[in-house]
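S.K.: Take the sequence shown: its letter number 147 is residue 147 in the UniProt record's numbering, and every next letter is one higher. Mind looking over this structure? Questions follow.
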Amino acid sequence: MGVKVLAFATSSRRHGNSETLLDALLGAMAAEESVTVEKYALDEIEIRPCLGCNACEKLNHCIMEDDDLHWVLDKIVDADIVVMASPVYCMGMCAQAKALVDRMQVLRSRKYVLHLPIAPAERQDKRLGAFLSTAGQNWDYVFDALIPSVKCFFHLADIKNRDISYLMVNNVDKAGELAAHPTATADAAALGRQMITDIKTRLAEGDEKGEYGPKNQEIK
Numbered sequence: 001m002g003v004k005v006l007a008f009a010t011s012s013r014r015h016g017n018s019e020t021l022l023d024a025l026l027g028a029m030a031a032e033e034s035v036t037v038e039k040y041a042l043d044e045i046e047i048r049p050c051l052g053c054n055a056c057e058k059l060n061h062c063i064m065e066d067d068d069l070h071w072v073l074d075k076i077v078d079a080d081i082v083v084m085a086s087p088v089y090c091m092g093m094c095a096q097a098k099a100l101v102d103r104m105q106v107l108r109s110r111k112y113v114l115h116l117p118i119a120p121a122e123r124q125d126k127r128l129g130a131f132l133s134t135a136g137q138n139w140d141y142v143f144d145a146l147i148p149s150v151k152c153f154f155h156l157a158d159i160k161n162r163d164i165s166y167l168m169v170n171n172v173d174k175a176g177e178l179a180a181h182p183t184a185t186a187d188a189a190a191l192g193r194q195m196i197t198d199i200k201t202r203l204a205e206g207d208e209k210g211e212y213g214p215k216n217q218e219i220k
């Protein structure tokens, strides 16, 4: 049974701390049997800011058809696991990540205005999400402000709050500092393996009782 993983590296600083954490998770996932991983860096594709025009409430697609959103949304809906990684910028996710979240307005219109399905009924409760983040500050609350946007992103992709896993590492600021962290990459790899185990169970047997909760970790 094949598992499709879709991941977004959102920082404009390529191969920095958040993307390094992401790569550790994806490497562990890709090492598992029958897993296909697709990773996109948002600085290599074009996701323009939302215009707030609400045209998608009538069109069921974004009025801006000259960027990459259309196929990105198709891949989000088609994936079994969706992963986003973002650094913390000024107490929130980076601008590239937030642009993608804002453009999920298309799925909001589809779901709540046009009353059309996002994922097919047979795939409900059989999809997982993960959000990875790094921050330079050592404050306990440094990730708090971005969590509502993260939940909005996954909610509009038909991934429930209980099915979102978080791995967030603070006190890593300069490029390369994550590599010196004593547990971060190992924790990311462990989370990746566990998510593949969980999704294979769901795809094989379903999850009628909704017992597969997130493995939430905040690392200092």
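Every residue, glycine too, gets a C-beta built ideally from N, C-alpha and C.
1. So what does Glu-38 bridge to, in DSSP terms?
2. So which of Arg-13, Glu-46, Ser-86 and Lys-4 has the shortest CA-CA distance to Phe-153?
3. Report the three-state DSSP secondary structure of Tyr-112 (helix, strand or coil).
4. Given this structure, state the Cα-to-Cα distance separating Thr-36 from Ala-188, to the nearest angstrom.
5. Buried or exposed: which applies to Thr-20, given that a residue is buried once 16 or more other Cβ atoms fall within 10 Å of its Cβ?
6. Express the C-alpha separation of Tyr-40 and Ile-76 in angstroms, rounding to a whole number.
7. State buried or exposed for Gly-129, treating a residue as buried only when at least 16 other CB atoms are found within 10 Å of its CB.
8. I believe Val-88 touches Ile-47 by the beta-carbon criterion, under 8 Å. Please report the beta-carbon distance rounded to the nearest angstrom.
9. Looking at the structure shown, is Gly-52 part of a helix, part of a strand, or coil, going by DSSP?
10. Ile-147: which of Ile-164, Asp-43 and Leu-203 sits nearest, CA to CA?
11. Rounded to the nearest angstrom, how far is the Cβ of Leu-26 from that of Val-5, given a contact under 8 Å?
12. At a Cβ threshold of 8 Å, is Thr-201 touching chain C?
13. Quick one: what's got a C-beta closer than 6 Å to Cys-94's C-beta in the same chain, skipping five residues either side?
14. Count the other CB atoms within 10 Å of the CB of Arg-110; is the residue buried (16 or more) or exposed (fewer)?
15. By the DSSP assignment, the alpha helix (DSSP H) with Pro-148 in it spans what residues?
16. Along the chain, where does the beta strand (DSSP E) containing Thr-134 start, and where does it finish?
17. When DSSP labels each residue in this structure, what does Ser-11 get in the three-state scheme?
18. So what's Met-168 in DSSP terms, helix, strand or just coil?
19. Which residues does DSSP list as the beta-bridge partners of Ala-85?
20. Using beta-carbon positions only, say whether Leu-114 and Leu-156 come within less than 8 Å of one another.
21. State the Cα-Cα distance for the pair Ala-24 and Asn-17, rounded to the nearest angstrom.
22. Output the boundary residues of the alpha helix (DSSP H) element that contains Gln-194.
M.R.: This is what the structure gives:
1. Leu-6
2. Ser-86
3. In the structure shown, Tyr-112 sits in a helix (DSSP, three-state: H, G or I).
4. 18 Å
5. Buried, because 16 or more other Cβ atoms sit within 10 Å of the Cβ of Thr-20.
6. Between Ile-76 and Tyr-40, the C-alpha separation is close to 12 Å.
7. Looking at its Cβ environment, which holds 16 or more other Cβ atoms inside 10 Å, Gly-129 is buried.
8. Not really, about 20 Å apart at Cβ, beyond 8 Å.
9. coil
10. Ile-164
11. With a Cβ gap of about 7 Å, Leu-26 and Val-5 count as contacting.
12. The question asks about chain C, but that chain is absent: this structure has only one protein chain.
13. Thr-10, Ser-11, Ser-86 and Pro-87
14. buried
15. 147–156
16. 128–134
17. coil
18. strand
19. Ala-9 and Leu-132
20. Taking 8 Å as the Cβ cut-off, Leu-114 and Leu-156 do not qualify as a contacting pair.
21. Roughly 11 Å separates the two Cα atoms.
22. 184–205
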